[in-house]
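> Please read through the structure below; I'll follow up with questions.
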Amino acid sequence: RCVTQHGRDGVASVSEKKALMHHREETQVQKQRLESILQKHGANPRAHTDQAMQALVNETDKMLAMLKGNDLRDAGLIASAQKLEHYEIAAYGTVAALAGQLDLRDDQRMLHESLEEEKQTDVRLTKLAKGEVNPDALAA
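Under the numbering used here, the first residue of the sequence shown is numbered 2, with each subsequent residue one higher.
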């Protein structure tokens, strides 16, 4: 299960649910971009599972199972989503830079677009956490 799946299934905050569902749509577009880049270079998009990302998702599952109450779960879900965002920001930044060094400008542009989307998601999650979710969790 991914973090956006939790967002659909177990989130109390309407704002949080909207933010996560918006990011889920972005993630599908990003996946298509990556698959397009990999296929263009003769690589199989299904040949590799990112173990670090899978571990972060598994940690999210464990943490959410331990938290009681919707407000605490919402705060925990945002914290987990931001860990994933930071990992994705690092990954997209690295591969976009590499594409630039290899003079693969179309690939670099697509990867940079995904990078910017991830950064914006992180900003939205921070605003949501500070303005709504964390204060509710503290009051719980």
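Yeah, the Cβ is synthetic: ideal placement off N, Cα and C, and Gly gets one too. These figures come from a predicted structure and were not determined experimentally.
What's the gap between the Cα of D75 and the Cα of E114?
Spanning the two alpha carbons is a distance of roughly 28 Å.
> Can you find at least 3 beta carbon pairs, one from the segment 76-95 and one from the segment 103-110, that sit closer than 8 Å?
The segment 76-95, when compared against the segment 103-110, does not touch it at the 8 Å Cβ threshold.
> Could you please give the first and the last residue of the uninterrupted alpha helix (DSSP H) stretch that includes A66?
Note, A66: alpha helix (DSSP H), 52-67.
> Spatial neighbours of I79 within its chain, please: CB distance less than 7 Å, with the 5 preceding and 5 following residues excluded, ordered by chain position.
If we look at I79 and ignore the five residues flanking it on each side, its Cβ neighbours are E17, L126, L129, A130, V134.
> Identify, in the order they occur along the chain, each residue of the same chain with its Cβ nearer than 6 Å to the Cβ of D137, setting aside the five sequence neighbours on each side.
D72.
> Using a threshold of 8 Å, state whether the C-beta atoms of M54 and S81 are closer than that.
No.
> Under the rule that 16 or more other beta-carbon atoms within 10 Å means buried, what is M67, buried or exposed?
Exposed, because fewer than 16 other Cβ atoms sit within 10 Å of the Cβ of M67.
> Look up N46 in the DSSP assignment and say whether it is helix, strand or coil.
Correcting the residue type first, residue 46 is Pro in the shown sequence and not Asn. P46: coil per DSSP, three-state reduction.
> Alpha carbons only, please: which of D62, G77, L112 is nearest the one belonging to L147?
In the structure as shown, the chain begins at 2 and stops at 141. Residue 147 is therefore absent and cannot be evaluated.
> Leaving out five residues on either side along the sequence, give the residues of the same chain with a beta carbon under 7 Å from the beta carbon of M111.
Contacts found: R34, I38.
> Within 10 angstroms of the Cβ of G8, are there 16 or more other Cβ atoms? Answer buried if so, exposed if not.
For G8, the pLDDT reaches just 48, beneath the cut-off of 50, and the residue's location in the model is therefore unreliable, leaving the point undetermined.
> Just how far apart, CA to CA, sit A56 and H49?
Cα-Cα distance, rounded: 14 Å.
> Hey, could you find the ends of the alpha helix (DSSP H) V134 is sitting in?
Neither: V134 is in no alpha helix (DSSP H) and is coded neither H nor E.
> Considering only residues of the same chain and omitting the five flanking positions on each side of E27, which have a CB-CB separation below 6 Å?
Correct list, in chain order: E118.
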